[in-house]
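Number of protein chains: 2
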Amino acid sequence: MVRPRRAAPTALPGTRSRILSAACDEFGARGFAATTVDRIAGRARVNKAMIYYHFSSKAALYTAIVREMYGQIAEQLQAIATQPLSAEAKIDALIETLVNAVDGSRHFLPIFLREIADGAVHLGPAELALIAGIFSTVRGVIVEGVRQRRFQQVNPALAHFTLIGPLVMFRASAPVRERIRTTQRLDIGEVDSRTLIAHLQMVARRMLAPEEGPAKD
Amino acid sequence: MVRPRRAAPTALPGTRSRILSAACDEFGARGFAATTVDRIAGRARVNKAMIYYHFSSKAALYTAIVREMYGQIAEQLQAIATQPLSAEAKIDALIETLVNAVDGSRHFLPIFLREIADGAVHLGPAELALIAGIFSTVRGVIVEGVRQRRFQQVNPALAHFTLIGPLVMFRASAPVRERIRTTQRLDIGEVDSRTLIAHLQMVARRMLAPEEGPAKD
DNA sequence: GTCTATAAATAGATAGAC
DNA sequence: GTCTATCTATTTATAGAC
């Protein structure tokens, strides 16, 4: 699926990937508008003109990053949804994969949150399709479980965001919590990936459990 | 608490509030960095120089908006937490108040989400204290319920974000869902305030219910 | 592929008249 | 309080040498 980049024979090693990595850092830390091409170039240790040699514009560089980031996670989730597992097991696996993806990339959530806040104005149909795919996969498993009467008659849209909302907001707000902890003397608390996964799976189990009779565990 | 503005005797009516309203629209729609003082001036139908007469800088205008927005909700939540109610009733009331606040302001969530994503770099101690107050109030009710054994032994930080995360992400993502619905033919679904409140209260009740014996309702 | 130099547009902010 | 005009710095993007 990933089209191999034809690197010119005389290319310096990794220039393009250094640009991508630096841009990811900058966009993740500051957002699209506040990020300057100058800073990306400086961080990547290349001249600014190099960025325009490899990418047609600041926006094209940004969408390239979004496509790579969200393409990976969309694929992983899709793989889970198509496995022959119970709806409960798929939910657990989706949660584990989402937490690992979020905890594996410092920039995944900041970029995601800003696109949500911006109404995805920086994204084209291709990137929007990836986000739609993520949404569709999670939602599909919930609908499947409800149809099979394994889950209670919950609104799929609300159940969907009850799965991802706590993860997204808790992990994304860590820097703000850290500022609050130091300047306001209020420690809200941190948890490791394993604890977070267990909590989200507990919430999902309780939320989705049918009205009568407890969930099977 | 709100210091009354001394309007100069000859002031045109509402200039300052038109600026605040226009700035709220612009910051909410585009974020701090992408918003220009020119656009705010145009929307408020005042000259750009007027903005600098009323506010010392773009940043000061922004923080004034944040203080007003988050000050109001912080007060409302605090009022609930100090009432003589059971922890369960306080949770229900907090949820209802939060949903109504979110649904009552088009710009509340976009601004909040971007500050989360940015690590609150645009906020000073005063604005940070307001956000800390919101966090502290919600968290305090959870800790209270756990201490009274009315809630199960849940991690307060995780329970906290399980309450607000679904609300924030579901409502904030409505514009993106709308784009997905029209361009990707995927309808994830919308709900009214009442349905959203009921769902969040259901999730809270199930999440917090003690291990043995159902919640009292 | 990589660089220097610069174009062209736009940003935040201010001076000063009224 | 409100406006016109402008300053200064910064930004995206490109031309052209090597």
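Chains as they are written, first to last, in numbering that gives the first Met the number 0: chain A, 0 to 216; chain B, 0 to 216.
Note that CB positions come from ideal geometry on N, CA and C, so glycine has one too.
Computed from a prediction, not measured in an experiment: that's the story for all the values here.
Taking all protein chains shown into account, Thr-161/A has 16 or more neighbouring C-beta atoms within 10 Å of its C-beta and is therefore buried.
In chain order, Thr-62, Val-65, Glu-114, Ile-130 place their CB closer than 8 Å to the CB of Leu-122/A, counting only its own chain and leaving out the 5 sequence neighbours on each side. For the pair Met-206/A and Gln-152/B, the Cα-to-Cα distance works out to about 17 Å.
Here Thr-35/B carries a coil assignment [DSSP, helix/strand/coil]. Taking Ala-156/B as the centre and dropping the five residues before and after it, the same chain places the C-beta of Arg-138 closer than 8 Å to its C-beta, in chain order.
For Gly-132/B, the closest alpha carbon among the candidates Ala-33/B, Arg-105/B, Leu-93/B, Gln-77/B is that of Gln-77/B.
When the beta-carbon positions are compared, Gly-144/A and Ile-187/A stay at least 9 Å from each other. The stretch 127 to 190 of chain A contains no complete beta strand (DSSP E) run of 3 or more residues. Residue range 57 to 80 is occupied by the alpha helix (DSSP H) that includes Gln-75/A.
If you ignore the 5 residues before and after Val-101/B, its C-beta comes within less than 7 Å of the C-beta of Phe-107, Leu-108, Leu-166, Arg-170, all in its own chain and listed in chain order.
Here Tyr-69/B is buried, its C-beta having at least 16 other C-beta atoms within 10 Å. Taking CB atoms only, Ala-63/A has no neighbour in chain B less than 9 Å away.
If you compare the alpha carbons of Ala-173/B, Leu-19/B, Gln-82/B with that of Ser-56/B, the shortest gap goes to Leu-19/B. Taken through DSSP and simplified to helix, strand or coil, Leu-122/B comes out as coil.
The C-alpha of Ala-116/B is placed about 24 Å away from the C-alpha of Leu-93/B. Close to chain A, meaning a Cβ-Cβ distance shorter than 9 Å, are the following residues of the stretch 104 to 121 of chain B: Leu-108, Pro-109, Ile-110, Phe-111, Leu-112, Arg-113, Glu-114, Ile-115, Ala-116, Asp-117, Gly-118, Ala-119, Val-120.
In the structure shown, Ser-104/B adopts coil according to DSSP, grouped into three states. Arg-180/A and Ser-135/B have their C-alpha atoms roughly 11 Å apart. With a threshold of 9 Å between beta carbons, Asn-99/A makes no contact with chain B. Annotation: Val-190/B to Ile-196/B spans about 10 Å, alpha carbon to alpha carbon. At a cut-off of 9 Å between C-beta atoms, Leu-185/A counts as an interface residue with respect to chain B.
By alpha-carbon distance to Pro-83/B, the top candidate from Gln-71/B, Val-140/B, Ser-172/B is Val-140/B.
Taking CB atoms only, Arg-205/B has a neighbour in chain A less than 9 Å away.
In summary, the residues of the stretch 169 to 180 of chain B whose CB is separated from some CB of chain A by less than 7 Å are Phe-169, Ala-171, Ser-172, Pro-174, Val-175, Arg-178, Ile-179, in the order they occur in the chain. Neighbours of Ile-163/A across chain B, judged by C-beta separation under 9 Å: Gly-164, Pro-165, Met-168. Cβ neighbours of Val-202/B within its own chain (closer than 6 Å, five residues either side excluded): none. From the beta-carbon of Pro-209/B, no residue of chain A is found nearer than 9 Å; the closest lies around 12 Å away. When secondary structure is reduced to three states using DSSP, Val-98/B falls in the helix class. By the Cβ-count criterion, Thr-35/A is exposed, with fewer than 16 other Cβ atoms from all chains shown falling within 10 Å of its own Cβ. Contact with chain B is found for Gly-188/A, since one of that chain's Cβ atoms lies less than 9 Å from the residue's Cβ.
When only Cα atoms are considered, Phe-150/A and Glu-95/A end up about 19 Å apart. The three-state reading of DSSP puts Ser-192/A in helix, counting H, G and I together. Within chain B, the C-beta atoms nearer than 9 Å to that of Pro-155/A come from Ile-187, Gly-188, in chain order.
Between Glu-87/B and Arg-193/B, the CB-CB gap reaches or exceeds 9 Å.
In the DSSP annotation of this structure, the continuous segment of the alpha helix (DSSP H) that includes Leu-19/B starts and ends at 14 to 29. Under the Cβ criterion of 9 Å, Ser-135/B is counted among the residues facing chain A.
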